[in-house]
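Residue numbers (our numbering), protein chains in the order written: chain A, 1 to 314; chain B, 315 to 479.
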């Protein structure tokens, strides 16, 4: 009898501990999300993507309730990326070119993150994985592991002092590191930061993306028969961008961490078929009738292939 | 006949010949000087094989062997050619065909090389088309594309093109 009571007690304690662990990881992410949005901070950040290393100065401010982010490259090609809420512009110093992306959603330049953390639990398991020092700050490691093979695993090193992300790693399904974002220094400032930007001069050439208004997904000229679990429509924009005077329709779906774009445009020439990989991003192109379809996103190749195979035109 | 006799000699030395035949053979050896010499040679060989001893030979041994070889008659028998005229004709045709095949192959390789170059150029053009499309798509997809400088040289070539249009 005593043994049974002991086993029941042990199970209760372990379940409670497991729940607490999940909640704690989720709480770390919630606190990080709040800190990223509400604090003023700046530092130096290194992006390691596609075997390429980019070091940039970073600033984040909250001005009149609106988030502003700035990234300045320290090495050529010199460029400044600015985000004011959902409008992102990239200014190329050497050629005075500017691309302005009127992206319909707010998305951090450091890390893609879901608006509601609790939905993450549907597709990912959250774990706490000890502590490490990053940029001379003690960080809690939060591991985000997908429940299926349709998305990548991630780890975030969150500063214990201010809950800002100090390091983010994204992993291939085989466990190898695909991308890293690491702060080499990061300070929180009391006041919002005065922009120290490159774009004092007027850009000569300006290009705009996503000018037209988003429409409901139901108005898209195609449907996705293979809709991956946990992905939701973010927006559908008809004539989202002009390529060679041809309009391109753009559908964006996301599970919070990973997003996938579906592009539809009139076919040029023979069209393009096949799979292409660029680090974290995989894309697959296929010709359907007179249209060229491209599915692209920071998900494994099998996910973009699955979506592309299930596209049917109305 | 000679072989049979040699075999019997060998069997006698190995003590494997039946008594009647052995007696007959010994009788022959007694009367035949050549057979005696052969018997002695076989005996020596047999002893050498069995004991594995090295026997020292007298100085004139090699000379005597050479002299015997010189005494052997030279046979100048005509060697019949194995290749018939018909076969010769066949080989000539085969060689000609081989030359034609070699010429055709080298010509085809040149054509293949040309085709490969054309294919490579087409592939390059397709790659440029893909890269250009992907750059557009990457920029529209996510802000993170601006962070990696690898995409930019093409991105801004395209931006200039856009403005010129």
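Where is the CB? At the ideal position from N, CA and C, for every residue including glycine.
Note that the coordinates shown come from a computational prediction; the quantities given were computed from them, not determined experimentally.
For residue 296/A, the enclosing beta strand (DSSP E) covers residues 291-297. Cβ contact annotation for residue 305/A (same chain, cutoff 6 Å, sequence separation greater than five): 284, in chain order. Under the three-pair Cβ rule at 8 Å, the stretch 40-53 of chain A does not count as touching the stretch 76-87 of chain A. Comparing C-alpha distances from residue 232/A to each of 253/A, 122/A, 217/A shows the shortest one belongs to 253/A.
In the three-state reduction of the DSSP assignment, residue 151/A falls in the coil class. Contact annotation: residue 47/A and residue 151/A have beta-carbon atoms that are not nearer than 8 Å. Residue state for residue 322/B is assigned as helix, using DSSP reduced to three classes. Within the model, the alpha-carbon separation for residue 376/B versus residue 383/B is close to 11 Å.
Under the three-pair Cβ rule at 8 Å, the stretch 213-222 of chain A does not count as touching the stretch 333-340 of chain B.
Take the alpha-carbon of residue 223/A and the one of residue 302/A: they are about 19 Å apart. Within chain B, no C-beta atom comes nearer than 8 Å to that of residue 251/A; the closest sits roughly 11 Å away. Listed along chain B is no residue with a C-beta nearer than 8 Å to that of residue 166/A; the closest approach is about 17 Å. Boundaries of the alpha helix (DSSP H) harbouring residue 377/B: 375-385, taken from the DSSP string.
For residue 93/A, there is no enclosing alpha helix (DSSP H), as DSSP gives it neither H nor E. If only complete runs of 3 or more residues are kept, the stretch 109-193 of chain A shows the beta strand (DSSP E) at 124-134, 137-146, 153-159, 165-171, 177-189, in order along the chain. At a cut-off of 8 Å between beta carbons, residue 263/A contacts chain B. Contacts between residue 241/A and chain B, judged by CB atoms closer than 7 Å, involve 450, 454 in chain order. Across the set 153/A, 160/A, 86/A, 163/A, the C-alpha of 153/A shows the shortest separation from the C-alpha of residue 177/A. Contact between the stretch 176-190 of chain A and the stretch 262-274 of chain A is absent: fewer than 3 CB-CB pairs across the two stretches fall below 8 Å. Counted as a single uninterrupted DSSP element, the stretch harbouring residue 213/A is not any alpha helix (DSSP H), since DSSP gives it neither H nor E. Residue 263/A counts as buried, since no fewer than 16 other beta carbons sit within 10 angstroms of its beta carbon. In the structure shown, residue 421/B adopts helical secondary structure according to DSSP, grouped into three states.
Residue 124/A and residue 97/A have their alpha carbons spaced roughly 40 Å apart. By the neighbour-count criterion, in which 16 or more other beta carbons inside 10 Å mark a residue as buried, residue 363/B falls on the exposed side.
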